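**Q**
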Amino acid sequence: AQSVAQPEDQVNVAEGNPLTVKCTYSVSGNPYLFWYVQYPNRGLQFLLKYITGDNLVKGSYGFEAEFNKSQTSFHLKKPSALVSDSALYFCAVRDRNQAGTALIFGKGTTLSVSS
Amino acid sequence: EADIYQTPRYLVIGTGKKITLECSQTMGHDKMYWYQQDPGMELHLIHYSYGVNSTEKGDLSSESTVSRIRTEHFPLTLESARPSHTSQYLCASSASRVGMNTEAFFGQGTRLTVV
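Line order of the protein sequences matches chains A and B. The first sequence lines up with residues 9 to 123 when you count with my numbering. The second sequence lines up with residues 2 to 116 when you count with my numbering.
1) Under 8 Å between beta-carbons, which chain A residues line up against F75 (chain B)? List them in chain order, please.
2) Would you please state the rounded distance, in angstroms, between the beta carbons of E23 (chain A) and V91 (chain A)? I believe it to be under 8 Å.
3) State the Cα-Cα distance for the pair S65 (chain B) and Y49 (chain B), rounded to the nearest angstrom.
4) Report the three-state DSSP secondary structure of G70 (chain A) (helix, strand or coil).
5) Can you tell me whether V13 (chain B) is helix, strand or coil according to DSSP?
6) Check for me: the beta strand (DSSP E) holding L46 (chain B) runs from which residue to which?
7) What three-state label does DSSP hand D31 (chain B) in the structure shown?
8) Could you tell me the alpha carbon to alpha carbon distance between S81 (chain B) and K18 (chain B), rounded to whole angstroms?
9) Once DSSP output is grouped into helix, strand and coil, what is the label at D103 (chain A)?
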């Protein structure tokens with residue numbers, strides 16, 4: 009069975025500091041991995057994905073994520089946080105060998121960036 | 002911006018009423034999904050479709066039903082709304098490409114309140 013874990017319900021950082029939002033996954037085969045962001049009363053917006061190739065993936069709004077197969081992790085990072093980055097972040101996974109299935113999401117991590 | 006639309010954005014309705022939440026996408030995606038999300042919480046897959054006349058139930062049991070008569074349209078219906086149905090409903094779509102698993106695009110969501 010596929011699953012995603014986001015161990016932190018909330019991450020607090022000061023503006024200008026680097027941020028990390030953690031994600032670990034479990035799939036029977038190789039994963040496709042995704043990060044989404046959700047602002048209040050909105051749908052989910054796609055940030056970035058790992059399909060294959062370089063383990064460091066760059067996405068929208070200066071975010072990046074590093075795929076680590078040995079640790080089964082896909083942590084989201086940004087070198088310098090902005091107050092406007094405050095939102096709810098979801099990690100998602102799909103087993104590459106089950107291409108027809110829907111994305112499985114983690115529980116979400118609330119990022120709060122203080123000025 | 003993704004071309005996937007949900008109506009209405011907000012709906013307050015009395016117990017026992019029949020409701021249909023609309024979802025349409027103009028990207029020609031064959032796969033469509035409905036997720037249920039309580040505010041600020043995780044997403045639960047309730048229905049999905051791989052194409053016209055294909056519908057499946059998701060991981061979370063739901064009293065709602067769906068239909069897929071046209072590729073672009075994936076409405077969700079509750080025959081008799083109850084307060085326990087109060088939640089946010091998110092529609093999403095994705096494409097199938099041989100050898101490539103693309104991200105899902107989300108609508109803005111419908112926030113349903115049953116009183």
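All C-beta atoms, glycine included, are put in the ideal place defined by N, C-alpha and C. Model, not experiment: these values are computed from the prediction.
**A** Considering the structure as presented:
1) Along the second sequence, one-based indexing puts residue 75 (chain B) at 74. Result: empty, since nearest Cβ-Cβ is about 13 Å, beyond 8 Å.
2) Here residue 23 (chain A) corresponds to residue number 15 of the first sequence, with the count starting at 1. Here residue 91 (chain A) corresponds to residue number 83 of the first sequence, with the count starting at 1. That pair is a contact at about 5 Å.
3) As a first step, residue 65 (chain B) must be located in the second sequence, where it is residue number 64. As a first step, residue 49 (chain B) must be located in the second sequence, where it is residue number 48. Between S65 (chain B) and Y49 (chain B), the C-alpha separation is close to 12 Å.
4) The residue labelled residue 70 (chain A) in the question sits at position 62 within the first sequence. Helix, per DSSP.
5) As a first step, residue 13 (chain B) is located in the second sequence; it is residue number 12 there, counting from the start. In the three-state DSSP reduction, V13 (chain B) falls in the strand class (E or B).
6) Sequence index remark: in the second sequence, residue 46 (chain B) carries index 45 (1-based). That run of the beta strand (DSSP E) goes 44-52.
7) To locate residue 31 (chain B), count along the second sequence from 1; it is residue 30. Coil at D31 (chain B), not helix or strand.
8) Within the second sequence, numbered from 1, the residue matching residue 81 (chain B) stands at position 80. Within the second sequence, numbered from 1, the residue matching residue 18 (chain B) stands at position 17. So the alpha carbons of these two residues sit roughly 5 Å apart.
9) For the purposes of this step, residue 103 (chain A) is identified with residue 95 of the first sequence, where counting begins at 1. The answer is strand: DSSP assigns D103 (chain A) an E or B state.
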